[in-house]
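Student:
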Amino acid sequence: MSRLNINIAGTSIIAALYVVITLVMAPVSFGVIQLRISEMFNHLAIFNKRYIWAVTLGVLIVNMFSPLGPIDMLFGTAGTLLGTTLTYYLTKYSKSMLGKYAIATICQLPGMFLVDVEMHLYMGLPIFPTYWILALGEILSMVVGAILINLLAKKIDFTK
501 MSRLNINIAG
511 TSIIAALYVV
521 ITLVMAPVSF
531 GVIQLRISEM
541 FNHLAIFNKR
551 YIWAVTLGVL
561 IVNMFSPLGP
571 IDMLFGTAGT
581 LLGTTLTYYL
591 TKYSKSMLGK
601 YAIATICQLP
611 GMFLVDVEMH
621 LYMGLPIFPT
631 YWILALGEIL
641 SMVVGAILIN
651 LLAKKIDFTK
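Shown next as structure tokens:
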């Protein structure tokens, strides 16, 4: 199997897992109070830049099911692209895995601001209270995700 096929398959699997996990947890996957455990896949950008596209594709697809539909596809997908790209580039400067997971978690917060702006513009929600609620859910998802991804990384080489 060629390297390109492996990359396409790996990207597709991560995108599909993101979609399935988000939809299984749909009652808490959309809206102001979000706990998207699938956000754990954002940590994969620490290991390889191809995961930027895998997670972004997953977000694009799953946001088709969002109550805000195309608007969420735009804002949510842009937020994920921003967060995972920042993760990929900024975690290169950390030697410790704990530091990398912490950086990856913090890198998602600007993307959550885009989701916050979306909710302000299209749902009339207040900017700062909404942001802190969204950020808290994202941080919680990323912390749980760091533990899970760290355990998986001991068995799976995500750098390939």
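For the sequence shown, my numbering gives the first residue as 501, with consecutive numbering after it. Positions of the beta carbon are idealized from the N, C-alpha and C atoms, including for glycine.
#1: With distances taken from CA atoms, which of Phe613, Val562, Ile606 is nearest Met573?
#2: Met597: which of Ala646, Met525, Trp632 sits nearest, CA to CA?
#3: With a CB to CB cut of under 7 Å and the five nearest residues on each side skipped, what residues in its chain are close to Gly611?
#4: Quick one: Cα of Leu648 to Cα of Gly558, how far?
#5: On the criterion of 16 or more Cβ atoms from any shown chain inside 10 Å, does Tyr601 qualify as buried, or is it exposed?
#6: Can Ala545 and Thr511 be called in contact, C-beta distance under 7 Å?
#7: Helix, strand or coil for Ile647? Go by DSSP, reduced to three states.
#8: In the structure shown, what three-state DSSP assignment does Asn548 receive?
#9: Taking the alpha carbon of Gly569 as the reference point, which residue from Asn548, Lys660, Arg536, Val615 has its own alpha carbon closest?
#10: Could you tell me the alpha carbon to alpha carbon distance between Tyr518 and Glu539, rounded to whole angstroms?
Tutor: With the given structure in hand:
#1: Within the sequence shown, residue 573 is the residue found at index 73, counting from 1. Nearest C-alpha to Met573: Val562.
#2: Residue mapping note: residue 597 aligns to position 97 of the sequence shown, counting from 1. For the residues Ala646, Met525, Trp632, the minimum Cα distance to Met597 belongs to Ala646.
#3: Counting from 1 along the sequence shown, the entry for residue 611 is found at position 111. Cβ neighbours of Gly611 beyond the five flanking positions: Gly579, Thr580, Leu582, Gly583.
#4: As a first step, residue 648 must be located in the sequence shown, where it is residue number 148. As a first step, residue 558 must be located in the sequence shown, where it is residue number 58. Cα-Cα distance, rounded: 18 Å.
#5: Numbered from its first residue, the sequence shown carries residue 601 at position 101. Buried, because 16 or more other Cβ atoms sit within 10 Å of the Cβ of Tyr601.
#6: Reading the sequence shown from its first residue, position 45 is the one you call residue 545. Reading the sequence shown from its first residue, position 11 is the one you call residue 511. Between Ala545 and Thr511, the C-beta spacing is not below 7 Å.
#7: Counted from its first residue, the sequence shown places residue 647 at position 147. If DSSP states are grouped into helix, strand and coil, Ile647 belongs with the helices.
#8: Position 48 of the sequence shown, counting from 1, holds the residue named residue 548. Asn548 carries a coil assignment under DSSP once its states are collapsed to helix, strand and coil.
#9: For this step, residue 569 is matched to residue 69 along the sequence shown. If we check each option's Cα against that of Gly569, Val615 comes out closest.
#10: Stepping through the sequence shown from its first residue, residue 518 is reached at position 18. Stepping through the sequence shown from its first residue, residue 539 is reached at position 39. Going from the Cα of Tyr518 to the Cα of Glu539 covers about 8 Å.
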